[in-house]
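Just so you know, we're using the working numbering here: the sequence shown kicks off at -5 and counts up by one. Quick reminder that beta carbons are idealized off the backbone N, C-alpha and C, glycines included. Written below as structure tokens is the structure these notes are about.
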Amino acid sequence: MNRRTALQWMLAGVAGIFGAVAAAITALPSLWYCRAALAAKEKTGPVMRRVASLADLPLNQPVEIPVIGQTHDAWEFLEKTLGRIWVTRLSDNPENPKETKIQVFSSICPHEGCIILKDPAKAGFYCPCHSAYFTADGAVISPETSKSPRAMDTLEYEIVRDGTAESGTWWLAVAWEKFEENIPEKISV
Ligand code: FES
């Protein structure tokens, strides 16, 4: 091999190495994204999210509250409204706020996903899309004719306090999740 051929081989080798490094750098974000997606998928169960301070929840009056959370869209993490819930505080327990009874419903209709509203005429709820009516406890009114295949979907909750300080604010934290539509069983999506 003469010097000229050896030099050409050397240059080709260096170009190959640079090409491989550039390809690896380009692929890194995709690998990171795949890893994040896999990690999210592997997470078990819905995340508890604080939605309101206990002091802001009136007794026996349903209030509609947005659930705010983080989602990621390709490279960015975004704060957005994940959904809405109907919350009713059912007991007042100043001695032991952690034991406060709360009723939490997803506002997504089990029929085809429209938003359930408070029934202005009665103590209950209704879905305007196909006129499904629910009691204040979330049960279907007239199940034989209602379009909703099941009661309003309840969500798990916890009462949590800021830090450990005695004076810390008590919060309602809710496990936001969605369920299959148009089937009688309540099954997480
Ligand atoms: S989507 Fe609610 S009744 Fe049809």
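Cα-Cα separation between L51 and P122, rounded to whole angstroms: 26 Å
Span of the beta strand (DSSP E) around V61: V57 to D67
Limits of the beta strand (DSSP E) - the one that M146 falls within: Unbroken run through M146: none, as it is neither H nor E.
Option nearest L166 by Cα separation, candidates R83, A117 and V183: Among R83, A117 and V183, the Cα nearest to that of L166 belongs to R83.
Beta-carbon proximity check, T128 vs A117, cutoff 8 Å: It is worth fixing the name first, because residue 128 is Phe in this sequence and not Thr. No, they are not a contact pair.
Cβ separation of E106 and N54, assumed to be a contact under 8 Å, to the nearest whole Å: Not really, about 30 Å apart at Cβ, beyond 8 Å.
The ligand FES heavy atom lying under 7 Å from the CB of H124: yes
Span of the beta strand (DSSP E) around T75: E70 to R83
Touch test, the region 132 to 141 against the region 55 to 74, Cβ-Cβ under 8 Å, three pairs minimum: no
Residues bridged to K112 (per DSSP): F119
Cβ neighbours of L48 in the same chain (closer than 7 Å, five flanking residues each side left out): P91, T94, I153, W164, W165 and L166
Proximal residues to V183 (C-beta, below 8 Å), its chain only, five neighbours per side dropped: Hits under 8 Å: E171, K172, F173 and E174.
Proximity test, Cβ basis, 8 Å: A117 and chain D: The displayed structure is made up of one protein chain only, and chain D is not part of it.
Cβ-heavy atom distance, E89 to the ligand FES, below 7 Å: False, no ligand heavy atom lies under 7 Å from that Cβ.
Secondary structure of A49, DSSP reduced to three states: Three-state DSSP puts A49 in a helix.
Rounded straight-line distance, which links the Cα of G63 to that of Y27: In this predicted model, Y27 has a pLDDT of only 45, less than 50, meaning its place in the structure is not dependable enough to derive any value.
beta-carbon K112 near the ligand FES non-hydrogen atom, thresh 7 Å: no
C-beta atoms of V41 and I59 nearer than 8 Å: no
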